[in-house]
Amino acid sequence: MTALLEIDQLLGELENGLRQLLEDRGVAHPALIGIRTGGVWLADILGKRLGIDEPFGELDISFYRDDFSRIGLNPKVKPSSLPFDTEGRDIILIDDVIMSGRTIRAAMNEIFDYGRPASIILATLIDLGARELPIQPDVTGRTLALSSDQRVKLRGPEPLHIELQSSGQ
2 MTALLEIDQL LGELENGLRQ LLEDRGVAHP ALIGIRTGGV WLADILGKRL GIDEPFGELD
62 ISFYRDDFSR IGLNPKVKPS SLPFDTEGRD IILIDDVIMS GRTIRAAMNE IFDYGRPASI
122 ILATLIDLGA RELPIQPDVT GRTLALSSDQ RVKLRGPEPL HIELQSSGQ
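Each residue of the sequence shown is one higher than the last, beginning at 2 in this note's numbering.
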């Protein structure tokens with residue numbers, strides 16, 4: 002069984018939450034960084050919606066994962082690309098789904114290898130809870146509680162959609 006979640010509504014929630022947070026914090030010129038692959042698709046969309054003209058960055062955190070030695074290298078590893086200096090910048094880090102927090106920890110480690118940002122705002126489309134690390138999104142489109150047989154997956158980029166998959170009945 003596969004159910005689709007409404008992507009436009011979730012993107013609207015994420016966009017509105019980011020606009021409000023940026024205003025509250027007085028951040029006028031943020032830089033966007035998406036985590037491959039879903040976060041990159043979202044960074045592209047959100048950059049346009051937020052009117053950010055600067056190109057967004059793309060992170061492939063494969064070499065920064067704490068389970069790298071256990072799971073091995075993803076054969077589709079591509080180099081990260083940050084077309085701006087992170088030193089002193091306000092960064093919006095974007096991922097499609099947050100669960101344990103380990104992907105975000107790896108992404109922040111990589112960002113700091115490029116330079117020390119002034120701040121990092123974490124934006125995720127879906128928050129599944131189930132943290133193993135004390136990392137929380139600042140803005141999220143939706144929080145979901147899934148059963149152990151369910152998974153959520155962002156598919157795209159065209160058309161961009163979210164699938165809720167169940168291995169049960």
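Glycine included, every Cβ here is placed at the ideal spot set by N, Cα and C.
Closest residue to residue 131 among 111, 29, 11, 152 (Cα-Cα distance): Considering only alpha carbons, the answer is 152.
Burial state of residue 2, where buried means 16 or more other Cβ atoms lie within 10 Å: Its pLDDT being 38, under 50, residue 2 is placed unreliably by the model, and nothing is read from it.
Using C-beta distances below 8 Å, list every residue in its chain close to residue 16, excluding the 5 sequence neighbours before and after it, in chain order. Closer than 8 Å at Cβ, skipping near neighbours: 47, 50, 51.
Kindly indicate which three-state DSSP category residue 108 falls into: helix, strand or coil? Note: residue 108 maps to helix in three-state DSSP.
Roughly how many angstroms separate the alpha carbons of residue 7 and residue 166, rounded to a whole number? For the pair residue 7 and residue 166, the Cα-to-Cα distance works out to about 15 Å.
Let me make sure I understand the geometry here. Which of 111, 136, 160, 108 has the alpha-carbon closest to that of residue 102? Per the Cα distances, 136.
What is the residue span of the beta strand (DSSP E) that residue 46 lies within? Element bounds for residue 46: not the beta strand (DSSP E) but the alpha helix (DSSP H), 39–50.
In terms of alpha-carbon separation, which member of 145, 148, 62, 134 lies closest to residue 40? Restricting attention to 145, 148, 62, 134, the CA atom closest to the CA of residue 40 is found in 62.
Could you spell out where the alpha helix (DSSP H) holding residue 13 opens and where it closes? Start and end: 8–26.
For residue 157, I'd like the list of residues in its chain whose CB is within less than 6 Å of its CB, leaving aside the five on either flank, ordered along the chain. Once the five neighbours on either side are set aside, the close Cβ partners of residue 157 are 42.
Under the DSSP definition of a beta bridge, which residues are partnered with residue 145? Per DSSP, none; premise fails for residue 145.
Opposite residue 124 in the DSSP bridges: which residues? DSSP, once it has assigned bridges, lists 95, 140 as partnering residue 124.
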